[in-house]
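Before any comments, here is the structure.
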Amino acid sequence: MDILIPEQRVPVLLDCDVLVCGGGAAGVAAAVSAARHGAEVVLIERWPRVGGMLTCALVNIWHRSDREKVVINGLVEEATQRAMAAGWGEAYPLPEGRHETHRFDPEGMTLVFHRMLDEAGVRVLCYTVAGEPIVEDGRLRGVLVDTKCGRRAIVARIVIDATGDGDIAAKAGLPFELGREADGRVQGMTMMYRLCGLDEDRLAELSADEREAIGECMLAAIRDGDLPPSKTAQPCGYRNRSIPNMCPVAGDPLDEEELTRLTVLGRERVFRFLEWWRERVPGFGAAQVEQTGFSLGIRESRRITARTTLTAEMVLGAHKQPDAIGHGIWMIDIHDPLGSGYTTWCDRGDDNIVPRGDSYHIPLGMCLNEAIPNLAVAGRCASSTHEGHSSVRVQTHCMVMGQGVGTCAAMALASGVEPADVPVADLQQHLRADGVYLEDVPGGV
Ligand SMILES: Cc1cc2nc3c(=O)[nH]c(=O)nc-3n(C[C@H](O)[C@H](O)[C@H](O)COP(=O)(O)OP(=O)(O)OC[C@H]3O[C@@H](n4cnc5c(N)ncnc54)[C@H](O)[C@@H]3O)c2cc1C
């Protein structure tokens, strides 16, 4: 059954140069860079804070090196430094041959992102869902939002869809892909959470044998179905405020009712693990869940088809692209779409990892389409195969895309051309001047 909505006159709430829909890592980077390059920018975010998966799903780990040197800088470096200076980040240099790691306090990173937006002069509207795109003559005129006072329009000269799900691009009619080729299922999702009340001294007393025995016992309970599925069984390594990545669920990221069910299921499982540990792991007797993700952690959703589609071959072959806007280093990292917790991360040896000391290029073409010239995408909804996506979806890479697309949008407006017509060498020059690492561009300077 359908319902016919009568024609409606909608007041314009805001009129801007660049409208960024979605305030995750990609959207924040896009908005900040467009504003710093002179555009009037509005960012709308459906949740009460920006940061997306980082701040609302507690996904707080960044990787930036090709396992020899750091190759992701720009706004990623700036946000890292700001968080570290405020005591909201920790750096973990990993053993020889592995990626370095930064972990952030999601609360702190929320403030870092909001401060960067405010300082850049971006108008930020949280609690605002980007609803229907307004398409006129093959261009995007803006987006409709439903406010407390009724339906309003935000009009813009360029729109950047950084919703993670590609909501605006898909509703505007751009083609997209969803999930893996075989059955359309997307990567597993995870309910992240934060622990407190651990007796760290007691945990530190456990011998290697005791730790191993607890891990074995936990794996057996998972195998026997006494505990929910998980690939991880190392509770003895947890500390207060640890954020374990271990409660997988699987389903459709575009079905709100299913997402609600999975979110509740994820939380139930967190408490099931905690109950088991309290009974069996010394040091866990008074442990509590300090916080669960405000949202379920969603890894994959629509991938909007664009001029260039990033593939596993491009990732693993460390392909270089003429329209590069930055570098990517992450591996083919697919979490089982059936929710077992299995991941290709560690299980496929060197087959699924970018060669050490090398990196692939993230092309601007992933974000620009042929059909609607003033609409770009950035972040995990950019154009990639299921496998290519599993690498480029990580936050540092999403921010590289955001910075590239935001800068490009401001340059396009300044010179009165479409984003796709911005001379790519000029864009790359601006990005380098803004601290982005950009080397080995074919035919480049
Ligand atoms: C469990 C888990 C573990 C992960 N581990 C890591 C890791 O260790 N390191 C790493 O770097 N990456 C990791 N990732 C991947 C990474 O977190 C995401 O891919 C990345 O955050 C995507 O950034 P984004 O800005 O594209 O999208 P998101 O972070 O999803 O942000 C999208 C934003 O848009 C908003 N939005 C959506 N629809 C609308 C709308 N219609 N209107 C207004 N706002 C809207 C959302 O509320 C959200 O704030 C992990 C992901 C998960 C789920």
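Here the sequence shown is numbered in my numbering, starting from 142 and rising by one per residue.
Backbone N, C-alpha and C define an ideal beta-carbon position, used for all residues, glycine too.
- In terms of CA proximity to residue 268, 287 leads the group 281, 287 and 280.
- Residue 402 has its alpha-carbon roughly 36 Å from the corresponding atom of residue 457.
- Going by beta carbons, residue 281 and residue 445 fall outside the 8 Å limit.
- Here the alpha carbon of residue 264 sits roughly 21 Å from the alpha carbon of residue 539.
- In the structure shown, residue 563 falls within a coil segment according to DSSP collapsed to helix, strand and coil.
- If you look at residue 543, you'll find it in the alpha helix (DSSP H) that goes 536-556.
- In terms of Cβ geometry, residue 536 and residue 166 form a close pair [threshold 8 Å].
- Residue environment for residue 308: buried (at least 16 other C-beta atoms within 10 angstroms of its C-beta).
- Contact annotation: the stretch 368-375 touches the stretch 400-417, with at least three C-beta pairs closer than 8 Å.
- Of the residues assessed, residue 342 falls on the exposed side of the cut-off, its CB having fewer than 16 other CB atoms within 10 angstroms.
- Residue 444 has its CB no nearer than 7 Å to any heavy atom of ligand 1.
- Taken through DSSP and simplified to helix, strand or coil, residue 350 comes out as helix.
- Residue 443 is not a Cβ neighbour of residue 510, given a cutoff of 8 Å.
- The nearest non-hydrogen atom of ligand 1 is less than 7 Å from the C-beta of residue 330.
- In the assembly as shown, residue 578 is a buried residue. Its beta-carbon has 16 or more other beta-carbons within 10 Å.
- The nearest non-hydrogen atom of ligand 1 is less than 7 Å from the C-beta of residue 308.
- Taking the C-beta atoms as reference points, residue 521 is found nearer than 8 Å to residue 305.
- Contact between residue 310 and residue 518 holds: CB atoms are separated by about 5 Å, below the 8 Å threshold.
- Per DSSP, reduced to three states, the secondary structure at residue 335 is strand.
- In the structure shown, residue 502 adopts extended strand secondary structure according to DSSP, grouped into three states.
- By the criterion of a C-beta distance shorter than 6 Å, residue 393 is surrounded in its chain by 399, once the five residues flanking it on both sides are discounted.
- Ranked by Cα distance from residue 297, the options 318, 274 and 502 are led by 274.
- Boundaries around residue 162 are those of the beta strand (DSSP E), 153-162, since no alpha helix (DSSP H) includes it.
- Secondary structure at residue 417: helix, using DSSP grouped into helix, strand and coil.
- Assignment of residue 430 by DSSP, reduced to helix, strand and coil, places it in the strand class.
- If you compare the alpha carbons of 278, 582, 148 and 161 with that of residue 463, the shortest gap goes to 582.
- Between the alpha carbons of residue 465 and residue 238 lies a gap of roughly 25 Å.
- Within the same chain, and ignoring the five residues on either side of residue 376 in sequence, the residues whose Cβ sits closer than 6 Å to its Cβ are 418 and 422.
- Distances between the C-beta of residue 186 and the heavy atoms of ligand 1 include at least one below 7 Å.
- For residue 471, the CB contacts under 6 Å within the same chain, skipping 5 residues up- and downstream, are 532 and 535 in chain order.
- The Cβ atoms of residue 213 and residue 223 do not sit closer than 8 Å to each other.
- The Cβ-Cβ distance between residue 219 and residue 327 does not fall below 8 Å.
- Assignment of beta strand (DSSP E) within the stretch 263-290, counting only whole runs of 3 or more residues, yields 264-266, 274-277 and 280-288 in chain order.
- For residue 309, the enclosing alpha helix (DSSP H) stretches over residues 308-312.
- A straight line joining the alpha-carbon of residue 189 with that of residue 552 spans about 30 Å.
- Contact between the stretch 176-188 and the stretch 548-567 is present, with at least three C-beta pairs closer than 8 Å.
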